[in-house]
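Before any comments, here is the structure.
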Amino acid sequence: MSHNFKPGDLALIVGTRKYPGNIGKTCELVELLKPSQISAWLDPEDGRPVSNASGFECWLVIGDGLISGIQNTRGACLALPSHLMPLRRDFSPVQQKAKEAV
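Quick note on the numbering used here: the sequence shown kicks off at -18 and runs consecutively.
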């Protein structure tokens, strides 16, 4: 399923291959990386890019409390597109209550 994600979109992590602690966390999509591709994004803590060694096309995502196998990187991980559910920025509690009433 394609969600037509783009950098800057918000998403909910709904699946994982290795780190179940990330499920249910929100994230911001930074960059879609092909296998072996190196990111243009640089880790703010050490200034290093991220390399996609997963063997799959993945989104580099950032968010509070995200864990990953990316060496010395906190708050960032790689996520398969199928493990992400889009969160639209225009969704508010008022709209949610209106949808529940329908």
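In this text, a Cβ means the ideal position worked out from N, Cα and C, and glycines have one as well.
Own chain, CB closer than 7 Å to LEU41, minus 5 neighbours either side, in chain order:
Indexing the sequence shown from 1 puts residue 41 at position 60. Closer than 7 Å at Cβ, skipping near neighbours: VAL11, GLU12, LEU14, SER20, TRP22, VAL31, ALA57 and LEU59.
Let me know if GLY36 comes out buried or exposed under the rule of 16 or more other beta-carbons within 10 Å of its beta-carbon.
Numbered from 1 along the sequence shown, position 55 holds the residue referred to as residue 36. By the 10 Å Cβ count, GLY36 comes out exposed.
Beta-ladder partner(s) of VAL42, from DSSP:
In the sequence shown, the residue the question calls residue 42 occupies position 61. According to DSSP, which records beta bridges pairwise, VAL42 is partnered with LEU10 and CYS58.
Going straight from the alpha carbon of LEU(-9) to that of THR(-3), what length do you get?
The count along the sequence shown starts at 1 and reaches residue -9 at position 10. The count along the sequence shown starts at 1 and reaches residue -3 at position 16. In a straight line, the C-alpha of LEU(-9) is about 17 Å away from that of THR(-3).
What number of angstroms, rounded off, separates the C-alpha of GLY5 from the C-alpha of PRO67?
Mapped onto the sequence shown, residue 5 falls at position 24. Mapped onto the sequence shown, residue 67 falls at position 86. So the two alpha carbons sit approximately 12 Å from each other.
Span separating the alpha-carbon of ASP24 from that of VAL(-5)
Residue mapping note: residue 24 aligns to position 43 of the sequence shown, counting from 1. Residue mapping note: residue -5 aligns to position 14 of the sequence shown, counting from 1. The straight-line gap from Cα to Cα measures roughly 24 Å.
Please work out which residues of its chain come closer than 7 Å, Cβ to Cβ, to CYS39, disregarding the five sequence neighbours upstream and downstream, and give them in chain order.
In the sequence shown, counting from the first residue as 1, residue 39 sits at position 58. Counting only Cβ-Cβ distances below 7 Å, and skipping sequence neighbours, we find LEU14, ASN33, LEU59, ALA60 and LEU61.
Where PRO16 falls: helix, strand or coil (DSSP):
Start at 1 with the first residue of the sequence shown, and residue 16 comes out as number 35. In the three-state scheme derived from DSSP, where H, G and I count as helix and E and B as strand, PRO16 is classed as coil.
Within its chain, find whatever has a CB closer than 6 Å to the CB of THR93; leave out the 5 residues flanking it on each side and keep chain order.
Outside the modelled stretch of the chain, which goes from -18 to 83, sits residue 93, for which no answer is possible.
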